[in-house]
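Asks:
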Amino acid sequence: MDEEEKVVLDYSTDPLIMDQNFCHTILCGVVNAGSAIEDLYGSPQDIEGVVKDGKIFVVQTRPQMSNLCKYLLRFWENTPKSVKTRKYPSAGINIDVKIHHHPLYQDMS
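If you're matching positions, the sequence shown starts at -12 in my numbering and goes up one per residue.
(1) So what does Ile43 bridge to, in DSSP terms?
(2) By a C-beta neighbour count over all protein chains shown, 10 Å radius and 16 as the cutoff for buried, is Gln47 buried or exposed?
(3) Here's a check: name, in chain order, each residue in its chain whose Cβ is nearer than 8 Å to the Cβ of Val45, leaving out the five neighbours to either side.
(4) Apart from the five residues just before and just after Gln51, which ones in its own chain have a Cβ nearer than 7 Å to its Cβ?
(5) Under 8 Å, do Ile13 and Val38 count as touching if we go by C-beta distance?
(6) At the level of alpha carbons, what is the spacing between Leu(-4) and Val18?
(7) Using alpha carbons as the reference points, say which of Gly16, Asp26, Arg61 and Asp40 lies closest to Pro2.
(8) Relative to the alpha-carbon of Phe62, which residue among Cys15, Lys42 and Gly29 has its alpha-carbon at the smallest distance?
Structural data, given as structure tokens:
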């Protein structure tokens, strides 16, 4: 088995730490990317990314779980009744789709 090599990471000279203009540029880029992604998906997102050579790369994005119920409920409330009451076949089983309003979600607009 190969011997492990220990690497010490030193960010003390990284431009994100040392260069305020670079940091400002990157942070503005992150904000713009985040806004564009949230606009694209129509809900707040948990976005992961990296900065390499001054460029921002998005690795993945997914809905923020704290807001997911709110948006699912809004989606469901705008779904036609004919779709809500339909039986959906799944692996040979019919599942009735029903929604229950929880008091926690009453004040959502």
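For every residue, glycine included, the Cβ atom is placed at its ideal position computed from N, Cα and C.
Replies: On the basis of the coordinates in this document:
(1) Val38
(2) exposed
(3) Ala20, Ile24, Ile34, Glu35 and Gly36
(4) Pro31, Gln32 and Asp33
(5) yes
(6) 27 Å
(7) Asp40
(8) Gly29
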